[in-house]
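Working notes for the structure below.
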DNA sequence: GATGAATGAGGTTTCATTCAT
DNA sequence: CATGAATGAAACCTCATTCAT
């Protein structure tokens with residue numbers, strides 16, 4: 002039954018996906034405002050009018066592209082992480098996967114790092130637009146699990162999320178602009194090392210000792 | 002009265018500064034593309050044509066505003082930090098000052114966090130536009146100094162910069178959107194704690210030991 | 002049941018008529034330019050492409066709808082009036098019938114009063130589009146008959162047509178917009194009275210006499 | 002004083018008027034929807050953007066043009082008619098002047114006859130748009146005055162207005178399309194004759210008597 | 001015949017920039 | 001120096017029309 006209904010829908014889906022993918026690329030490359038609908042249309046090999054058969058307007062397309070990207074990535078992430086038992090490893094894996102996922106191409110990285118900010122104007126226009134919320138919530142839960150399992154110190158998960166997402170975000174952004182002369186892999190390894198040390202249990206560092 | 006206080010050069014400086022300040026505010030509030038030149042002109046109480054006597058175009062004004070903001074903040078920072086002897090305290094102070102400085106009003110915070118990304122399009126048009134470079138370099142130096150003084154571990158300063166700037170940036174961004182229910186002060190304290198622990202000298206954490 | 006009643010030709014006729022009727026209504030309601038082909042298609046419960054099987058284009062549909070409406074109404078009119086002997090009564094009946102016919106619903110009234118003008122652009126594109134010509138000619142003939150029968154004064158029938166059609170048209174237009182607080186019936190009665198007095202035989206009015 | 006303030010304004014007014022006049026002509030020629038802003042701009046010898054310095058949008062321009070035309074004509078009318086004592090002559094003069102005024106060129110005639118209808122869509126969007134209301138009210142008053150002076154029968158002025166405006170409107174419309182082979186002057190004379198006879202005091206015509 | 005997904009030309013409107021005053 | 005009226009390029013979106021199924 003599913004196969005039947007999808008026969009006709011296949012092409013439609015195909016076209017919708019082509020538009021979404023084109024949108025992510027072009028938005029990521031040029032930014033929301035410099036992206037013209039016709040750029041996306043050409044990239045998706047459809048007429049510009051066609052885009053309006055699938056999306057109400059440019060804003061709608063942007064939001065859909067963003068949400069579907071995040072949604073898809075989050076599903077990926079969850080599936081892989083669910084297979085890991087250790088709560089701490091899960092957290093580390095999150096770091097690695099995040100970077101892996103968003104570096105398929107620099108446009109995607111730019112899309113999630115740059116446009117995430119750009120799109121703050123959407124927060125006003127579309128108050129329900131919280132594309133990262135679910136993502137962040139998931140990360141919070143991973144942190145809380147690690148804390149509950151006594152694998153890391155009991156710290157404010159909101160702060161931890163800011164450190165982790167902020168670091169990942171900026172690292173990807175710099176990478177997408179070609180600004181860094183370290184490999185992302187290197188950067189990740191070291192960042193994980195530093196942050197993990199900052200989280201592990203044990204006595205707080207004492208300045209007096211050092212002096 | 003007005004005529005008296007406004008000496009010729011003062012008047013000119015005054016006008017340029019008024020435009021820059023207006024630009025920072027309006028760009029921060031509305032974002033680059035939604036900001037109209039006439040908005041800035043009105044906010045600075047000049048005619049729109051006048052802006053073109055001081056800046057070549059909208060891009061130029063944006064860049065000038067950004068650079069002058071960063072430049073001014075960096076001078077501030079350096080002056081205050083120069084008065085501190087301890088290399089580690091300097092690093093901590095940097096964190097605090099950064100947040101203090103860019104939270105004078107949310108528009109300024111948005112300007113530096115959101116528009117920094119937005120402006121990646123300027124990297125293409127104006128390859129020399131690296132507004133944060135000096136700022137980042139200074140932070141790198143502070144890190145290196147702390148390492149050289151054996152106050153923190155010998156880590157890659159580039160990575161450290163990414164963690165610190167990324168964290169600060171994201172914390173400010175979330176704050177400017179009113180998304181966080183923690184105070185910035187709280188977040189800063191805890192972030193510093195975590196990152197500092199991650200940096201302090203001593204043996205690496207061992208998972209097996211902890212369990 | 003539906004399949005049975007819809008014989009092949011009947012079905013076709015049915016569809017064409019359904020489109021024409023839908024067109025009259027939607028054109029009347031929204032005006033030519035605000036009417037979208039898909040509006041008519043939906044109203045006629047056909048696909049939009051289907052309309053192009055029966056009409057060359059939107060203009061063609063508009064003209065066809067208009068002409069068929071007028072044609073149908075004129076046939077009605079002629080049939081009823083043919084049954085009347087008195088040439089004067091025929092003229093009066095024309096007045097009444099015209100109003101009756103075009104007030105079946107306000108959309109139809111708007112269609113014939115408003116779009117008649119709107120469509121003056123068709124006069125350029127389709128010089129043969131003279132939808133009211135036959136109608137007007139018939140009225141002229143009725144007038145001429147009344148004159149020949151010495152029932153009214155011998156006046157220029159063209160002028161009379163302008164008075165009658167102009168009056169009817171404007172009365173219907175105002176009614177269709179809901180602008181008048183008199184009933185159409187009232188207006189008609191009084192208008193007929195005035196115009197008929199203006200037509201009847203006898204000495205011209207003399208101002209001096211009346212005073 | 003007035004002269005001074007008008008010095009600068011002169012050019013502005015000139016441009017505004019040029020746009021209004023161009024608008025009346027082009028709207029009259031092509032109709033509202035087929036008229037493109039750039040058509041009006043070219044006709045007024047300004048850039049298309051300039052039009053938006055004087056009018057909010059196309060609708061606004063249309064309404065302004067219509068209202069200013071009617072307003073101007075009505076002032077004319079009132080001034081001339083005020084100089085006439087006889088209440089009946091006033092009514093007759095109204096008829097003549099109306100035709101004279103709106104036949105300066107066919108575009109103007111089309112503008113007032115065709116677009117008056119077209120613009121019924123404006124009644125919905127702009128409920129206060131009643132361009133002819135004042136005009137009609139003035140005609141009603143003229144009628145009432147003639148009735149009060151016992152110069153014509155006591156008839157419903159609303160009906161009379163419908164006859165008069167409807168007739169004038171249709172006559173002008175047909176003339177503007179070049180459809181009539183009578184001169185407007187001829188038509189007017191005869192129409193006035195018929196309508197006046199219909200209005201004069203005296204016994205109603207009796208059909209039976211005539212036969 | 002019937003469908004409706006796809007097309008793409010076209011128009012209103014905005015706004016950065018210029019330049020006469 | 002300062003002004004702000006004028007310019008005109010550019011882009012989102014609509015919708016009549018086509019054509020593969």
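Chains as they are written, first to last, in the numbering used here: chain A, 2 to 212; chain B, 2 to 212; chain C, 2 to 212; chain D, 2 to 212.
Just so you know, even glycine gets a beta-carbon here, dropped at the ideal spot from N, CA and C.
Secondary structure of residue i, DSSP reduced to three states
{"i": "residue 47 of chain C", "result": "coil"}
{"i": "residue 127 of chain C", "result": "coil"}
{"i": "residue 40 of chain D", "result": "helix"}
{"i": "residue 133 of chain C", "result": "coil"}
{"i": "residue 138 of chain C", "result": "helix"}
{"i": "residue 108 of chain A", "result": "helix"}
{"i": "residue 15 of chain A", "result": "helix"}
{"i": "residue 22 of chain A", "result": "helix"}
{"i": "residue 77 of chain B", "result": "helix"}
{"i": "residue 66 of chain D", "result": "helix"}
{"i": "residue 82 of chain B", "result": "helix"}
{"i": "residue 32 of chain A", "result": "coil"}
{"i": "residue 60 of chain A", "result": "helix"}
{"i": "residue 103 of chain A", "result": "coil"}
Nearest residue (CA-CA) to residue i, options the options
{"i": "residue 160 of chain B", "options": "A:202, A:72, A:181, A:109", "result": "A:181"}
{"i": "residue 61 of chain A", "options": "A:15, A:127, A:106, A:23", "result": "A:127"}
{"i": "residue 194 of chain B", "options": "B:129, B:93, B:143, B:34", "result": "B:93"}
{"i": "residue 95 of chain C", "options": "C:168, C:20, C:53", "result": "C:168"}
{"i": "residue 20 of chain A", "options": "A:47, A:105, A:87, A:36", "result": "A:47"}
{"i": "residue 104 of chain C", "options": "C:192, C:174, C:22, C:28", "result": "C:174"}
{"i": "residue 186 of chain C", "options": "C:54, C:50, C:97, C:55", "result": "C:97"}
{"i": "residue 101 of chain A", "options": "A:36, A:43, A:188", "result": "A:188"}
{"i": "residue 86 of chain C", "options": "C:130, C:146, C:77", "result": "C:146"}
{"i": "residue 153 of chain A", "options": "A:88, A:107, A:130, A:177", "result": "A:88"}
{"i": "residue 140 of chain C", "options": "C:82, C:106, C:36, C:115", "result": "C:82"}
{"i": "residue 125 of chain D", "options": "C:18, C:178, C:192, C:53", "result": "C:178"}
{"i": "residue 59 of chain C", "options": "C:36, C:43, C:77", "result": "C:36"}
{"i": "residue 144 of chain A", "options": "A:130, A:162, A:129", "result": "A:162"}
{"i": "residue 28 of chain B", "options": "B:155, B:184, B:106", "result": "B:106"}
{"i": "residue 142 of chain D", "options": "D:116, D:91, D:51, D:130", "result": "D:91"}
CB of residue i within 9 Å of CB of residue j, strictly
{"i": "residue 151 of chain C", "j": "residue 74 of chain C", "result": "no"}
{"i": "residue 68 of chain A", "j": "residue 132 of chain A", "result": "yes"}
{"i": "residue 24 of chain D", "j": "residue 66 of chain D", "result": "yes"}
{"i": "residue 158 of chain C", "j": "residue 148 of chain C", "result": "yes"}
{"i": "residue 16 of chain A", "j": "residue 45 of chain A", "result": "yes"}
{"i": "residue 33 of chain C", "j": "residue 57 of chain D", "result": "no"}
{"i": "residue 64 of chain A", "j": "residue 123 of chain A", "result": "yes"}
{"i": "residue 170 of chain C", "j": "residue 171 of chain D", "result": "yes"}
{"i": "residue 26 of chain C", "j": "residue 112 of chain C", "result": "yes"}
{"i": "residue 164 of chain D", "j": "residue 38 of chain C", "result": "no"}
{"i": "residue 71 of chain B", "j": "residue 30 of chain B", "result": "no"}
{"i": "residue 54 of chain A", "j": "residue 199 of chain B", "result": "no"}
What are the residues of the segment 153-169 of chain A that lie near chain B, defined by any Cβ-Cβ distance shorter than 8 Å? Answer in chain order: 156, 157, 159, 160, 161, 163, 164, 166, 167, 168, 169.
Mind checking the segment 24-43 of chain D against chain C and listing, in chain order, the residues whose C-beta falls within less than 9 Å of any C-beta there? 31, 32, 33, 34, 35
Determine which residues of the segment 82-101 of chain B have a Cβ less than 9 Å from any Cβ of chain A, and write them out in chain order. Listed by position, the residues of the segment 82-101 of chain B near chain A (Cβ gap below 9 Å) are 87, 89, 90.
Threshold first: 4 residues or longer. Then list the alpha helix (DSSP H) segments lying entirely within the segment 146-203 of chain D, N to C. Correct list: 158-177, 185-200.
Which residues, in chain order, does the segment 192-203 of chain B contribute to contact with chain A at a C-beta distance below 8 Å? 192, 194, 195, 196, 197, 198, 199, 200, 201, 202, 203
By the 9 Å beta-carbon criterion, what residues does the segment 41-67 of chain C contribute toward chain D? none
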